[in-house]
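Counting from 35, one number per residue, gives the positions in the sequence shown under the working numbering.
Beta carbons are placed, not taken as given, at the ideal position from N, Cα and C, and that holds for glycine.
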Amino acid sequence: QVRLVESGGGLVQAGGSLRLSCAASGSIFSINAMGWYRQAPGKQRELVAVIISGGSTNYADSVKGRFTISRDKAKNTVYLQMNSLKAEDTAVYYCNVGQLQYNYWGQGTQVTVSS
35 QVRLVESGGG
45 LVQAGGSLRL
55 SCAASGSIFS
65 INAMGWYRQA
75 PGKQRELVAV
85 IISGGSTNYA
95 DSVKGRFTIS
105 RDKAKNTVYL
115 QMNSLKAEDT
125 AVYYCNVGQL
135 QYNYWGQGTQ
145 VTVSS
């Protein structure tokens, strides 16, 4: 079992920045990918950014150029640096870790951007 603990959410004004962290612990031996998803009220959960084991990254079009995903392999931690935040970035952000055929989710952290 893999446990994910997220931190870093909060309330920020439009144009501001936040940094999310997600630390993985437990039975970690072969992580395929680590990523962030978000879900706004009344909307489906969507991929924000992902980083795979080789270091390649992928971003949703809506966050390209503003968000940066990174990973500290030694700490089994993934980060999401969010800059130039917009009101439409308001959502619950979930960390996701893929290991072999399994997917693990964090509890979610609220990000609220005031306009």
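Going by Cα to Cα distance, which pick from the options is closest to residue i?
i, options, result
"residue 98", "104, 83, 111, 144", "83"
"residue 128", "121, 54, 49, 35", "54"
For a test of the three-state rule: what should DSSP assign to residue i, helix, strand or coil?
i, result
"residue 96", "helix"
"residue 67", "strand"
"residue 121", "helix"
"residue 108", "helix"
"residue 103", "strand"
"residue 44", "strand"
Is the beta carbon of residue i sitting closer than 9 Å to the one on residue j?
i, j, result
"residue 145", "residue 46", "yes"
"residue 52", "residue 116", "yes"
Grab the span of the beta strand (DSSP E) containing residue i for me, first residue to last.
i, result
"residue 74", "That residue, residue 74, is in no beta strand (DSSP E); it is neither H nor E in DSSP."
"residue 86", "80-86"
"residue 57", "52-60"
Taking the alpha-carbon positions, what's the residue i to residue j distance?
i, j, result
"residue 59", "residue 80", "24 Å"
"residue 151", "residue 120", "Outside the displayed range of the chain (35 to 149) lies residue 151, so it cannot be described from this structure."
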